[in-house]
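Student: Numbering (the numbering used here), first residue to last: 391 to 886. By construction, the Cβ of each residue, glycine as well, lies at the ideal position given by its N, Cα and C atoms. Computed from a prediction, not measured in an experiment: that's the story for all the values here.
1. From the DSSP output, read off the bridge partner residues of residue 531.
2. Quick test of your reading: residue 880 and residue 768, contact by CB under 8 angstroms. State the CB separation rounded to the nearest angstrom.
3. Taking the alpha-carbon positions, what's the residue 596 to residue 573 distance?
4. Nearest by alpha-carbon distance to residue 694: which of 504, 751, 400 is it?
5. Would residue 613 count as contacting chain B if we go by Cβ distances under 8 angstroms?
6. Starting from the Cα of residue 560, find the closest Cα among 593, 511, 408 and give me that residue.
7. What is the residue span of the beta strand (DSSP E) that residue 751 lies within?
8. Whose C-beta lies closer than 7 angstroms to the C-beta of residue 749 among residues of the same chain, with five residues either side of it excluded?
9. Pull up the CB-CB distance for residue 679 and residue 488, whole angstroms please, since I reckon it's below 8 angstroms.
10. How many angstroms separate the CA atom of residue 650 from the CA atom of residue 726?
11. Where in the stretch 608-643 do unbroken runs of the beta strand (DSSP E), each at least 3 residues long, occur, reported from the N-terminal end onward?
12. Just reading off the alpha helix (DSSP H) that residue 738 is part of, what are its end residues?
13. Which residue wins for smallest C-alpha separation from residue 676, given the options 688, 646, 655, 697?
14. Kindly identify the DSSP beta-bridge partner or partners of residue 788.
15. Roughly how many angstroms lie between the CA atoms of residue 502 and residue 796, to the nearest whole one?
16. Judging by CA-CA distance, which residue of 472, 824, 829 is the nearest neighbour of residue 844?
17. Hey, how far is the Cα of residue 566 from the Cα of residue 781?
18. So residue 699 and residue 779 are supposed to be a Cβ contact under 8 angstroms. How far apart are they, rounded?
19. Below 8 angstroms on the Cβ atoms is my guess for residue 859 versus residue 492; work out the distance and round it to an integer in Å.
20. What do you reckon, are the CB atoms on residue 628 and residue 598 nearer than 8 angstroms?
21. What is the DSSP secondary structure of residue 871, reduced to helix, strand or coil?
22. Taking Cβ to Cβ, would you say residue 552 is nearer than 8 angstroms to residue 523?
23. For the beta strand (DSSP E) that contains residue 654, what are its first and last residues?
24. Excluding sequence positions up to five away, which residues of its chain have a Cβ less than 7 angstroms from the Cβ of residue 771?
25. Are the CB atoms of residue 851 and residue 826 within a distance shorter than 8 angstroms?
26. Check whether the stretch 628-641 touches the stretch 705-715, counting contact only when three or more Cβ pairs, one atom from each stretch, lie closer than 8 angstroms.
27. Assuming the contact rule is C-beta atoms closer than 8 angstroms, residue 469 and residue 731 should be a hit. Round their C-beta distance to whole Å, please.
28. With burial defined as no fewer than 16 other Cβ atoms inside 10 Å of the residue's Cβ, what is the status of residue 960: buried or exposed?
29. Helix, strand or coil for residue 666, going by three-state DSSP, please let me know.
30. Would residue 786 and residue 654 be called neighbours here (beta carbons separated by less than 8 angstroms)?
31. So what does DSSP say about residue 801, is it helix, strand or coil?
32. For residue 467, is the classification buried or exposed, using 16 other Cβ atoms within 10 angstroms of its Cβ as the cut-off for buried?
33. Which ranges would you report for the alpha helix (DSSP H) in the stretch 504-530 if only whole runs of at least 4 residues count?
34. Among the residues of its own chain, which have a CB less than 6 angstroms from the CB of residue 663, if the five just before and after it don't count?
35. Rank 396, 411, 425, 391 by C-alpha distance to the C-alpha of residue 741 and give the top, closest one.
36. In the DSSP assignment, find the unbroken beta strand (DSSP E) run with residue 427 in it and report its ends.
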C-alpha cells in the first residue's frame, strides 16, 4: 500500500494513506508529528493567511504559520468561503467519446419508462397512516411468500415508504411533499402502487391526483382509510390486484442508455475524494458515453467547488441555472440565519476533512469530466441524458430520496465511515477504504479502497460499471438483502 498521495502537482499538501509517524519522509519532507491516515501534511512552510492547496484548488487559509511536515487540519486552517458570489462563465472542454452500448436485463413499462425492480409500493399521503401501511405490507409479503410462482410471477416485494408529512404544512413545504409523493408514485421501479390516504389531510388523494397526472388504473390504486370499514381487508384486495397486474412483467434486454443513476456521498473521510468519489466520476463518464444519465446532488457540498461544475455547463443558459442553484441554496441558509459553511460534520473531520472546500472538492469528483447537460429543481424529474445537477440538501436520506424522485433507478453512495440506510431505489454503498469494506461487509457493496494499492481507476471503473449492470439486472445490494427501505422529504417550512 502507498503511504501517501500528492493529488495534484499544484498542491502544497500530501494526504497520508496510512498513518505517518514523526520522522517519516514524504515528497522529501520529514513529518514533524504523527499524521493520521486520511489527513494532510504540509509540503512547504505556509504563512498565516496563505492558501492551503489540495486537488489543485484552495481549500482554505492557514490560521497560523505552518511548518513543512506539520499536520494540517481544523486547528490551523479555516474556510475561505463567503456568502453570495458573482460568477463568470469560463467554459472548458468536456468532449466525451461515445462508446459501445451494452444492455441490462430490466422491465419495459407501458408508458415507455424502464425499471430495474418489479416491486409493489404502498405510499402514504400522510404520516397518520404509516402504521397501517406497515401492516398492509407485512400481510401482503406473507401472502406473496405463499403464492404459487405462476401467480406472483416476477413480483419481488411489497414495500411501504412511511414519512411524517402530508398535513399541517404550508406553502412550498407542502408543495415539496406533494411533488415527491407524486414522483415516487410514477417511478418505474414500482410495477404497481397503492396510494394510501387517511381522508382529512391537506395532501389527500383528491388533492394529490393533479400532481400525479395521467395514470394507468391497473397500476395505481387508491384507498381512503376513513371511507372503508376495514382498511386492511380493503387494502389487501387492492394489493392482490396490483400483484396480478405486475406479475406479467418479464426482464428483457434494455440499452444502458436508458439507465438513470444517482450519485451521493455521506460519512466521507480523507480517502473519499481520492478513491470512491473519483471512481464514481469514472462510472459517470462511462455511462454518459453510452447515452445514459447520471444525477449529482447535495448542493451545500458543492460550495467551494461550484465553478468547476459551472464551467462544464454545456451552454450559458445552463451556467445561469447552476448559478441560481448555488446562490438560491446559499440564500436559503441566510434566510434561516444559518452559516453557509457550517460543514463538514464531526465524522468528516475525524476522517481528515478540514473545511467545506476540502469536502466539496472531494464530493464533486463524483461528477467525472463530462458536460453538465441538465439542472433540476427539487422534485423535478430528469429528461436530459448525460450529467445533471439536482437541487437538494446534503442530508443523506433527503438527498437520496430526491435522486429517486427525479428518476434514478439506482443510487451510488460513497462513504468512508459507513452507513446502513437505503432509499426508495437500490442504494449501492461504495467504501473509500478497504478497512471499512472488511469491517462492514453487511453494509458495503463495492470497495474503492483498492485504488490506494495497485488497482487502476480505469480497471476499477470498468468493474464498477459491470457491477451496476448486474444490480440493474436484478442482483440485490446489501441494504435490500437486509430489508431496508427509507425515504425522507425536504422539510422547509412551518409545521402548523
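Tutor: Quick look at the numbers:
1. Residue 531 pairs with nothing; no bridge assigned.
2. Contact holds; Cβ gap of about 6 angstroms.
3. Each residue's Cα considered, the two are about 16 angstroms apart.
4. Nearest of 504, 751, 400 to residue 694, Cα basis: 751.
5. You won't find chain B in this structure, because it holds only one protein chain.
6. Nearest option by C-alpha distance: 593.
7. Segment 746-753 is the alpha helix (DSSP H) holding residue 751; no beta strand (DSSP E) there.
8. Same-chain partners within the cutoff: 658, 691, 733, 734, 738, 743.
9. The pair is a contact, with the Cβ atoms about 6 angstroms apart (cut-off 8 angstroms).
10. Distance between the alpha carbons of residue 650 and residue 726: 33 angstroms.
11. Within the stretch 608-643, the complete beta strand (DSSP E) segments at least 3 residues long are 610-614, listed from N- to C-terminus.
12. Segment 736-740, the alpha helix (DSSP H) holding residue 738.
13. Residue 676 has its Cα closest to that of 646, out of 688, 646, 655, 697.
14. Note: residue 788 is not bridge-paired with any residue in the DSSP secondary-structure output.
15. Going from the Cα of residue 502 to the Cα of residue 796 covers about 16 angstroms.
16. Selected option, being the one with the closest Cα: 824.
17. So the alpha carbons of these two residues sit roughly 12 angstroms apart.
18. Rounded, the Cβ-Cβ distance is 7 angstroms, consistent with contact.
19. Contact between residue 859 and residue 492 holds: CB atoms are separated by about 7 angstroms, below the 8 angstroms threshold.
20. Cβ atoms of residue 628 and residue 598: not closer than 8 angstroms.
21. Here residue 871 sits in helix by DSSP.
22. In terms of Cβ geometry, residue 552 and residue 523 form a close pair [threshold 8 angstroms].
23. Taken as a continuous stretch (DSSP letters only), the beta strand (DSSP E) holding residue 654 covers 650-655.
24. If we look at residue 771 and ignore the five residues flanking it on each side, its Cβ neighbours are 573, 796, 797.
25. Contact flag unset, no.
26. The stretch 705-715 and the stretch 628-641 do not touch, with fewer than three beta-carbon pairs separated by less than 8 angstroms.
27. Rounded to whole angstroms, the Cβ separation of residue 469 and residue 731 is 5 angstroms, and the two are in contact under 8 angstroms.
28. The structure shown does not extend to residue 960, since the chain is modelled only from 391 to 886, so the question has no answer here.
29. The answer is helix: DSSP assigns residue 666 an H, G or I state.
30. Cβ distance < 8 angstroms, so residue 786 and residue 654 count as in contact.
31. Here DSSP, grouped into helix, strand and coil, assigns residue 801 to strand.
32. Under a 10 Å Cβ-count criterion, residue 467 is classified as buried, with 16 or more other Cβ atoms of the shown protein chains found around its own Cβ.
33. None, since the stretch 504-530 contains no complete alpha helix (DSSP H) of that length.
34. Around residue 663: 752, 755.
35. Nearest neighbour of residue 741 by Cα position, chosen from 396, 411, 425, 391, turns out to be 425.
36. Counting along the chain, residue 427 falls outside any beta strand (DSSP E), and DSSP gives it neither H nor E.
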